[in-house]
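Enquirer: Here it is, the structure in full.
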């Protein structure tokens, strides 16, 4: 399919297909960017597949943290979330709301639960049996401007790992461009489209962050593509085109039919400091509190 000059899943012929911007840092700080980006991207793609039909999809980040074996509040990776979704599926946000902490051993409560008053007015939480989970048909990796654009335009937003800096932390608006030859990754976002600044003819990516709507351009930011400065833009966009992932949603089906188990093997907290090609922690500036 031929690539267009501009594409934005927030507005395709007047229709927004994207799930809401979230904030991983409340009620407490949690390095869950990897879970935020993947669940948002999966929800976006399900909305696209359903042609934005009601109700919009909103997936449980906390379930992924508690049960996905993909990471913790110290970091994680998108591919493992896609594997979890392919094998077991992810329930909606209303099943297990975000609390920004690593949960206990995964049980039926961490899949989907509701709390009711007991006769003594103490809240009793019990598993919910009748709920749905979004599953994934296939998933994969990609990199580079052209392949990213083709995938986004054809099937929806993608997840990308980046090397976030203090300048990005302070970003308010405009097209972000900062020279950085550090190829390590410490943050994950979802890329939802691209455009061109008419005054300067600068091509840029449109990405959704997980730091709340107060940050950047209502929770989004723009950054140059690799076409910037005669093809050297990869050094000015935090490496956004180097390590990206995609997944194809399959169905939002009844959990009882999926046959998943309650067990969970705990991630070592030291994993976040490991190989940067296998783990991304939510960005925090050195010395930041």
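Residue numbers (the UniProt record's numbering): 1 to 289. For every residue, glycine included, the Cβ atom is placed at its ideal position computed from N, Cα and C. Please read all numbers here as calculations on a predicted model, not as lab measurements.
1. For residue 86 and residue 254, what's the separation of their Cα atoms in angstroms?
2. Looking at the unbroken alpha helix (DSSP H) that takes in residue 228, where does it start and where does it end?
3. For residue 181, which residues from the same chain have a beta carbon less than 7 Å from its beta carbon, with the 5 sequence-adjacent residues on both sides left out?
4. Under the three-state reduction of DSSP, which class applies to residue 155: helix, strand or coil?
5. What first and last residue would you give for the beta strand (DSSP E) that runs through residue 132?
6. Quick check: the segment 22-38 against the segment 53-71, are at least 3 beta-carbon pairs closer than 8 Å?
7. Quick check on DSSP: helix, strand or coil for residue 161?
8. Note down the Cα distance separating residue 293 from residue 80, rounded to an integer number of angstroms.
9. Excluding sequence positions up to five away, which residues of its chain have a Cβ less than 6 Å from the Cβ of residue 3?
10. Does residue 249 pass the burial test, meaning 16 or more other C-beta atoms within 10 Å, or should it be called exposed?
11. Nearest to residue 244 by CA position, among 143, 18, 218, is which residue?
12. Can you tell me whether residue 26 is helix, strand or coil according to DSSP?
13. What's the call for residue 130, buried or exposed, on a 16-neighbour Cβ count within 10 Å?
Expert: Looking at the coordinates:
1. 14 Å
2. 228-231
3. 235
4. helix
5. 132-142
6. yes
7. strand
8. Nothing about residue 293 can be read from this structure; the chain reaches only from 1 to 289.
9. 149
10. buried
11. 143
12. coil
13. exposed
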